[in-house]
Amino acid sequence: MSDFLSLIKESNYNLLEIYKQAPNETLIIVAVLLALIALAFFFINHSIKKSTVLKEISKIDDIKTFDELNAKFVLFINEVPKRGEVVAKALDKNKDKILFKSLKLLSTFSIKDKIKKYQIISKRFKQLSNSSSKYNNDKLTSYFKNKSLQLLSNELTNEINEYSSTTHFCQDEVENVNAIVQYANKQNSPWQILDVLFKNLNRFSFSYNIELFKFIEKLNKKESNQVYDYCKEKIDSIFTSGEDEVSVNILEYLYEKEEKEKVYEYIKTLTNASYLQYLYKVLFDEKDDLHLDLAFIANPTQIENDYKEYIDNSLTTNWRDKEHIEFVSKSPGVLDVLGHAEFRSLIERVDRIKTDIENNKKIEEALTIAKRAESIAIEAKSFNQSGSKKKKEKPVVQPRVD
């Protein structure tokens, strides 16, 4: 080594000259220097990152958004195993703050987003537990492991139950309800979650609540699953039972949506006489809709009505309209309202109109033929007159030249 140092002095620190005279020693020295530099860089970098992690742990209270919180979790998960026990102790000291800040930020979301973000935070807590396990701090690792489970089994379940028991089912809540159904169906006992939702759902009137009706319209089998099946069965039963009352608001809503056939069928099959009487008062002969009015007439349930007068007025107003009269005469219930005698008279009127139409058609055809014949006759006469004029003209005789 002393010889090598002497060589350095003699070469006046000329690295090229030193390498020429002692290449092996030069390479060894360079390698040692590089190793020392790398080691120094490692310790400096380690200290900087360690300081950064400690600083971020101490600033948990300053986090404002969920994305910022999630980014901090990722940082802690990646760095805690690398930065020593000091960082693990700092994490242990601030673990309650981390939980509190997480719950506070989660509370600001809709239930749909809570379900998604609670699962993310639960996963982060479990990852933190695994990341800190190398330090043999059972208190720290078990804390994050247990909280990872409790975030879902306690906190999220309570959030879902609170929403499920208090929500008013309207169109805006469809996505939230779908999120609950999909989350519940991933659990071992989905009905522990869904029972609360269904209990609240059954507090509302499927027959009268227009907002609930619109909510049900937006459900679908794939995403709404049990809720869709239950609500569809309830609505189908209400419209077909014959006894259930469907509010005028819902019927008007369907009518305006051009789902008129559903309204007609409900009125035709309603056996609840008192409610049919009510609907008769508010809907019959009110919309200039023959099909709607005939739906009432088709219903055999006995109520006070002016069906006969309505039919008479309709036929009188449209007495020359064969299609209208035929349609009314063939509609269910009209025979029962008019009686056989008047119904026979109605059929005879239809037959007379048919005869009149056929006669008028024949007259029109005869007139058309007559007009065509007249036109041909006029043309022939004109042609004959033109020919006669030519015959009456004398030929011009040219004088003979001898």
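In the working numbering, the protein residues as written are 35 to 436. In this text, a Cβ means the ideal position worked out from N, Cα and C, and glycines have one as well. Note that this is a predicted model, so its numbers are computed, not measured.
Going by beta carbon distance, what residues of the same chain come within less than 8 Å of residue i, once the five residues before and after it are set aside?
i: residue 200; result: 234
Whose C-alpha, out of the options, is nearest the C-alpha of residue i?
i: residue 134; options: 99, 95, 114 and 161; result: 95
i: residue 145; options: 352, 345, 231 and 284; result: 231
i: residue 269; options: 255, 246 and 287; result: 246
i: residue 276; options: 285, 328, 267 and 304; result: 304
i: residue 151; options: 193, 111, 307 and 223; result: 193
i: residue 108; options: 365, 161 and 278; result: 161
i: residue 287; options: 244, 373 and 366; result: 244
Can you give me the C-alpha to C-alpha distance between residue i and residue j, rounded to a whole angstrom?
i: residue 257; j: residue 335; result: 41 Å
i: residue 196; j: residue 225; result: 16 Å
i: residue 378; j: residue 331; result: 18 Å
i: residue 143; j: residue 120; result: 35 Å
i: residue 299; j: residue 312; result: 17 Å
i: residue 114; j: residue 171; result: 13 Å
i: residue 346; j: residue 198; result: 55 Å
i: residue 203; j: residue 104; result: 32 Å
i: residue 128; j: residue 116; result: 18 Å
i: residue 168; j: residue 123; result: 12 Å
i: residue 242; j: residue 252; result: 17 Å
i: residue 106; j: residue 147; result: 20 Å
i: residue 237; j: residue 91; result: 47 Å
i: residue 101; j: residue 139; result: 10 Å
i: residue 314; j: residue 191; result: 48 Å
i: residue 210; j: residue 218; result: 12 Å
i: residue 271; j: residue 376; result: 38 Å
i: residue 266; j: residue 240; result: 10 Å
i: residue 221; j: residue 176; result: 23 Å
i: residue 206; j: residue 322; result: 35 Å
i: residue 112; j: residue 153; result: 19 Å
i: residue 131; j: residue 93; result: 10 Å
i: residue 366; j: residue 264; result: 34 Å
i: residue 278; j: residue 306; result: 7 Å
i: residue 110; j: residue 213; result: 30 Å
i: residue 341; j: residue 373; result: 12 Å
i: residue 447; j: residue 339; result: Since the displayed the chain opens at 35 and closes at 436, residue 447 lies outside it and no answer follows.
i: residue 364; j: residue 223; result: 57 Å
i: residue 344; j: residue 149; result: 58 Å
i: residue 308; j: residue 99; result: 58 Å
Within a Cβ cutoff of 6 Å, which residues of the same chain sit near residue i, ignoring the five residues on either side of it in sequence?
i: residue 407; result: Residue placement at residue 407 cannot be trusted, given a pLDDT of 49 that sits under 50; the coordinates are not used to answer.
i: residue 255; result: 262
i: residue 285; result: 297
i: residue 97; result: 103 and 135
i: residue 86; result: none
i: residue 289; result: 297
Less than 8 Å between the CB atoms is what I'm expecting for residue i and residue j, so what's the real figure, rounded?
i: residue 182; j: residue 163; result: 7 Å
i: residue 249; j: residue 316; result: No, residue 249 and residue 316 are not in contact; Cβ-Cβ is about 25 Å, not under 8 Å.
i: residue 273; j: residue 280; result: 7 Å
i: residue 325; j: residue 294; result: 7 Å
i: residue 137; j: residue 189; result: 7 Å
i: residue 362; j: residue 368; result: 6 Å
i: residue 174; j: residue 126; result: 4 Å
i: residue 329; j: residue 302; result: 5 Å
Would you say residue i touches the ligand GDP, meaning its beta carbon is less than 8 Å from a heavy atom?
i: residue 189; result: Of the ligands one can find in the structure shown there are none, so the ligand GDP has no counterpart to examine.
Among residues of its own chain, excluding the 5 on either side of residue i, which ones have a beta-carbon nearer than 7 Å to its beta-carbon?
i: residue 159; result: 178, 181, 182 and 185
i: residue 216; result: 257
i: residue 310; result: 304, 333, 335 and 337
i: residue 260; result: 215 and 228
i: residue 318; result: 327 and 330
i: residue 156; result: 182, 185 and 186
i: residue 320; result: none
Task: alpha helix (DSSP H) runs contained entirely in the region 243-308, provided each spans 4 or more residues - done: DSSP assignment within the region 243-308 yields the following whole alpha helix (DSSP H) runs of 4 residues or more, N-terminal first: 244-251, 255-274, 282-290 and 294-303.
Task: Length at least 4, wholly inside the region 159-203: the alpha helix (DSSP H) runs in chain order - done: Entirely contained in the region 159-203, the alpha helix (DSSP H) runs reaching 4 residues are, in chain order, 172-184 and 191-200.
Task: Residue ranges of each beta strand (DSSP E) within the region 198-243, 3 or longer - done: None, since the region 198-243 contains no complete beta strand (DSSP E) of that length.
Open item on the list: Quick check on the DSSP output: what are the complete alpha helix (DSSP H) runs of length 4 or more inside the region 79-165, in order along the chain?
Closed with: Listed in chain order, they are 100-113, 119-127, 129-140 and 145-165.
Task: Ranges of the alpha helix (DSSP H) found wholly within the region 331-362, counting only runs of at least 4 - done: If we require 4 residues or more, the alpha helix (DSSP H) runs fully inside the region 331-362 come out as 341-351.
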